[in-house]
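Below: one structure, written as structure tokens.
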Amino acid sequence: MSFLAVLLELALVVVTMLVTASLVIVGPRRIVSSLGDFRWRLEICFIPLLALASVLILRWSTADVVLRLERRVFGNNITQWLFDFDRLFGPGGPVSLLQSFQSPTLTSYFVFAYVYGYAFLLLFPFIAYFALDDTDDLADLILAFTANYGIGLCCYVVFMAYGPRNFDPLLFDGLLYDAFPRIRDLTGNVNQPTNVFPSLHTSLSMTVFFFAWQTREKYPAWVPVAGVLAISIVVATMYLGIHWFSDVVAGTLLAAVSVYIGRNYTVREATESVRGYLGTRLGSGGRTDGD
Numbered sequence: 681m682s683f684l685a686v687l688l689e690l691a692l693v694v695v696t697m698l699v700t701a702s703l704v705i706v707g708p709r710r711i712v713s714s715l716g717d718f719r720w721r722l723e724i725c726f727i728p729l730l731a732l733a734s735v736l737i738l739r740w741s742t743a744d745v746v747l748r749l750e751r752r753v754f755g756n757n758i759t760q761w762l763f764d765f766d767r768l769f770g771p772g773g774p775v776s777l778l779q780s781f782q783s784p785t786l787t788s789y790f791v792f793a794y795v796y797g798y799a800f801l802l803l804f805p806f807i808a809y810f811a812l813d814d815t816d817d818l819a820d821l822i823l824a825f826t827a828n829y830g831i832g833l834c835c836y837v838v839f840m841a842y843g844p845r846n847f848d849p850l851l852f853d854g855l856l857y858d859a860f861p862r863i864r865d866l867t868g869n870v871n872q873p874t875n876v877f878p879s880l881h882t883s884l885s886m887t888v889f890f891f892a893w894q895t896r897e898k899y900p901a902w903v904p905v906a907g908v909l910a911i912s913i914v915v916a917t918m919y920l921g922i923h924w925f926s927d928v929v930a931g932t933l934l935a936a937v938s939v940y941i942g943r944n945y946t947v948r949e950a951t952e953s954v955r956g957y958l959g960t961r962l963g964s965g966g967r968t969d970g971d
């Protein structure tokens with residue numbers, strides 16, 4: 681199956697899920713009302729959306745540069761450290777333990793959660809929060825997503841690591857490609873095999889769940905859906921042999937940090953804070969005793 685066919689299949693399934701969830705959780709009346717004044721809503725979220733788009737374009741357009749930096753400049757291959765940390769929880773670690781329960785049904789479920797559920801989980805909050813009278817939650821979520829990708833990109837540059845399926849194919853099974861081989865073309869176009877620490881699947885999924893919990897009074901039915909999907913995706917990253925347990929822990933911490941940034945800063949404030957921090961660090965690093 682071609683890359684385009686896989687993409688169309690993914691789009692069809694996810695769009696069906698989005699339409700269903702929008703009608704059930706958001707409601708037709710609220711959706712129609714939000715479409716009537718969509719322009720001012722977009723205007724309010726324009727700066728956060730621009731920041732997110734900039735980080736995504738930077739990430740995708742510099743994939744080769746990032747790969748060269750992590751291998752030739754930093755060269756911090758931490759895969760063995762991640763494996764050793766996981767083994768503190770038993771032989772082979774949590775990944776090996778989860779894969780010991782593998783079955784066709786379980787594998788199909790986790791593949792669905794990892795591919796289709798993940799796309800739905802990330803996209804639906806844009807619809808749900810866009811439909812609210814107050815767009816603050818949407819702006820906060822977009823900034824949190826931006827922080828996720830920005831911090832994650834920095835980590836990928838500094839830390840080079842391979843997931844369990846690439847580290848030791850004899851000990852860990854690459855269940856994603858075994859059960860869903862046609863997804864290889866899609867993942868190969870959007871990801872690198874060394875983009876492991878932290879798990880962005882985990883951080884973004886948990887970010888959505890944290891926001892769902894914080895906005896539970898507005899969308900109470902969304903909380904259990906987001907929770908089940910987020911936890912399923914987190915477990916799927918390990919069950920399918922893609923991420924280590926340490927990647928998941930780091931991803932969850934990144935989600936907490938990103939939510940804090942999204943809730944407490946605007947794009948301008950976050951940018952100024954980063955500039956101030958870097959300026960202080962670089963300035964102090966460049967001073968000598970004679971200054």
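Numbering (my numbering), first residue to last: 681 to 971. From the three backbone atoms N, C-alpha and C, an ideal C-beta is built for every residue, glycine too. These figures come from a predicted structure and were not determined experimentally.
Neighbourhood of residue i by C-beta, 6 Å cutoff - its chain only, sequence neighbours within 5 removed
{"i": "Arg896", "result": "Val903"}
{"i": "Gly931", "result": "Pro878, Ser879, Thr882, Ser883"}
{"i": "Leu738", "result": "none"}
{"i": "Leu909", "result": "Gly797, Leu801"}
First and last residue of the uninterrupted alpha helix (DSSP H) at residue i
{"i": "Leu818", "result": "816-838"}
{"i": "Gly924", "result": "Note that residue 924 is Trp in the sequence shown here, rather than Gly. Run containing Trp924: none; DSSP gives neither H nor E here."}
{"i": "Thr882", "result": "880-894"}
{"i": "Gly773", "result": "773-779"}
{"i": "Val791", "result": "784-792"}
{"i": "Asp758", "result": "In the sequence as displayed, the identity of residue 758 is Ile instead of Asp. Here Ile758 belongs to no alpha helix (DSSP H), and DSSP marks it neither H nor E."}
{"i": "Ala799", "result": "798-810"}
{"i": "Asn846", "result": "844-847"}
{"i": "Leu856", "result": "855-859"}
Where residue i falls, given that 16 or more other Cβ within 10 Å makes a residue buried
{"i": "Gln779", "result": "buried"}
{"i": "Gly770", "result": "exposed"}
{"i": "Ser885", "result": "buried"}
{"i": "Val712", "result": "exposed"}
{"i": "Phe718", "result": "exposed"}
{"i": "Leu639", "result": "This structure leaves residue 639 out entirely; the chain is present only between 681 and 971."}
{"i": "Asp764", "result": "exposed"}
{"i": "Thr917", "result": "buried"}
{"i": "Ile704", "result": "Residue identity check: residue 704 is Val in the sequence provided, not Ile. Exposed."}
{"i": "Phe629", "result": "No answer is possible for residue 629: it lies beyond the span of the chain, which begins at 681 and ends at 971."}
{"i": "Ala827", "result": "buried"}
Residue-chain proximity (residue i, chain C), Cβ-Cβ < 7 Å
{"i": "Ala701", "result": "No chain C is part of this structure, which consists of one protein chain only."}
Sequence-distant residues of its chain with Cβ nearer than 7 Å to residue i (five each side left out)
{"i": "Asp820", "result": "Gly942, Arg943"}
{"i": "Leu812", "result": "Lys898"}
{"i": "Asp766", "result": "Gly773, Pro774, Val775, Trp924, Phe925, Ser926"}
Other residues of its chain near residue i: CB distance less than 8 Å, five sequence neighbours each side excluded
{"i": "Thr815", "result": "Arg721, Ile724, Cys725, Tyr809"}
ask   = Within the chosen definition, does the segment 933-948 reach the segment 828-840 through at least 3 CB pairs nearer than 8 Å?
value = yes
query = Whole alpha helix (DSSP H) runs in the segment 683-744 with 4 or more residues, listed along the chain?
reply = 683-701, 708-716, 718-724, 726-741
inquiry  = Count Cβ pairs between the segment 792-805 and the segment 696-708 that sit closer than 8 Å; are there 3 or more?
reply    = yes
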